[in-house]
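Down below is the structure, laid out as structure tokens.
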Amino acid sequence: SAVISQKPSRDICQRGTSLTIQCQVDSQVTMMFWYRQQPGQSLTLIATANQGSEATYESGFVIDKFPISRPNLTFSTLTVSNMSPEDSSIYLCSVGLGAYNEQFFGPGTRLTVL
Amino acid sequence: GENVEQHPSTLSVQEGDSAVIKCTYSDSASNYFPWYKQELGKRPQLIIDIRSNVGEKKDQRIAVTLNKTAKHFSLHITETQPEDSAVYFCAAYGAAGNKLTFGGGTRVLVKP
Chain Y
1 SAVISQKPSR DICQRGTSLT IQCQVDSQVT MMFWYRQQPG QSLTLIATAN QGSEATYESG
61 FVIDKFPISR PNLTFSTLTV SNMSPEDSSI YLCSVGLGAY NEQFFGPGTR LTVL
Chain A
1001 GENVEQHPST LSVQEGDSAV IKCTYSDSAS NYFPWYKQEL GKRPQLIIDI RSNVGEKKDQ
1061 RIAVTLNKTA KHFSLHITET QPEDSAVYFC AAYGAAGNKL TFGGGTRVLV KP
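Protein sequence lines correspond, in order, to chains Y and A.
Each residue of the first sequence is one higher than the last, beginning at 1 in the numbering used here.
Each residue of the second sequence is one higher than the last, beginning at 1001 in the numbering used here.
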């Protein structure tokens, strides 16, 4: 597995503002992913963070709202832009390891938008 | 794309009994099926997985079975303990999509 950290662990933000979440891994990984987990719900993939190219977004998620950076093989950021209360959720990064992309998750960022 | 359905959504068992969670998937090309356990306020943790060339896999008190023909897989927990109380998620990895699709989750409560 890998050691994965996220910053911040939690935040309370005002609507209309933006928050950038950082994900750091202790080893180089090819695949990094960003998920959203709304209260009491399952995990929904937002996008795959590709190193050296644009992220690949899932249906329902757009780059203007969730811009992602992946400057190297150990780090990625997810920005939640122009936030509304509906964006209140836990945001998790994960890394894929091995031939089957066994995924290991970061501790998550709990976001509350007022 | 892939669709994963998980049942039941909640499961209450007496300590020492067995718990079984079932998932079905839609994409016949899916070839990897992990299970995650998520305790309250914690990150999902990979507890066991199975690949499409295997029908069953065991790890102590947990086991997973896969029926590729029927496109379903199951998690079995034997001799349940209070620390098994958590939300469990199944997932399927589609070869085409290069990503995991998660089931809706099962909240397991083990009553002492």
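Heads up, the beta-carbon is just placed ideally off N, CA and C, and yes, glycines get one too.
Indicate the three-state DSSP secondary structure (helix, strand or coil) for residue i in the structure shown.
i, result
"D26/Y", "coil"
"P1034/A", "strand"
"P1082/A", "helix"
"E58/Y", "coil"
"D11/Y", "strand"
"D1017/A", "coil"
"E86/Y", "helix"
"T20/Y", "strand"
"F1102/A", "strand"
"D64/Y", "coil"
"A49/Y", "strand"
"L1040/A", "coil"
"T44/Y", "strand"
Within 9 Å of any Cβ in chain Y, is that where the Cβ of residue i sits?
i, result
"Y1025/A", "no"
"L1046/A", "yes"
"N1031/A", "yes"
Cβ of residue i less than 9 Å from any chain A Cβ?
i, result
"T112/Y", "no"
"S27/Y", "no"
"L73/Y", "no"
"F33/Y", "yes"
If the cut is a Cβ gap below 9 Å, which residues of chain A does residue i touch?
i, result
"T79/Y", "Ordered by position in chain A, no residue passes the 9 Å Cβ test against T79/Y, which lies about 21 Å from the chain."
"L45/Y", "K1099, L1100, T1101, F1102"
Along chain Y, in chain order, which residues have C-beta atoms closer than 9 Å to that of residue i?
i, result
"D1049/A", "Y100, E102"
"P1160/A", "An answer regarding residue 1160/A cannot be provided, because it is not within the stretch 1001 to 1112 covered by chain A."
Measuring CB to CB, does residue i end up less than 9 Å from residue j?
i, j, result
"T1080/A", "G1001/A", "no"
"Y35/Y", "Y91/Y", "yes"
"F1073/A", "Y1025/A", "yes"
"Q1006/A", "F1089/A", "yes"
"E1056/A", "A1086/A", "no"
"P1008/A", "I1021/A", "yes"
"Y1093/A", "N1031/A", "yes"
"F44/Y", "Q51/Y", "Checking the displayed sequence, the identity of residue 44/Y turns out to be Thr instead of Phe. Going by C-beta atoms, T44/Y is not nearer than 9 Å to Q51/Y."
"T77/Y", "Q28/Y", "no"
Give the interface partners of residue i over in chain A, defined as CB-CB distance under 7 Å, in chain order.
i, result
"F116/Y", "Nothing in the structure corresponds to residue 116/Y, since chain Y is present only between 1 and 114."
"S42/Y", "F1089, F1102, G1103, G1104, G1105"
"L92/Y", "R1043"
Mind listing the chain A neighbours of residue i? Cutoff is C-beta to C-beta under 8 Å, in chain order.
i, result
"E48/Y", "Per the sequence shown, residue 48/Y should be read as Thr rather than Glu. Ordered by position in chain A, the residues that pass the 8 Å Cβ test against T48/Y are N1098, K1099."
"G108/Y", "R1043"
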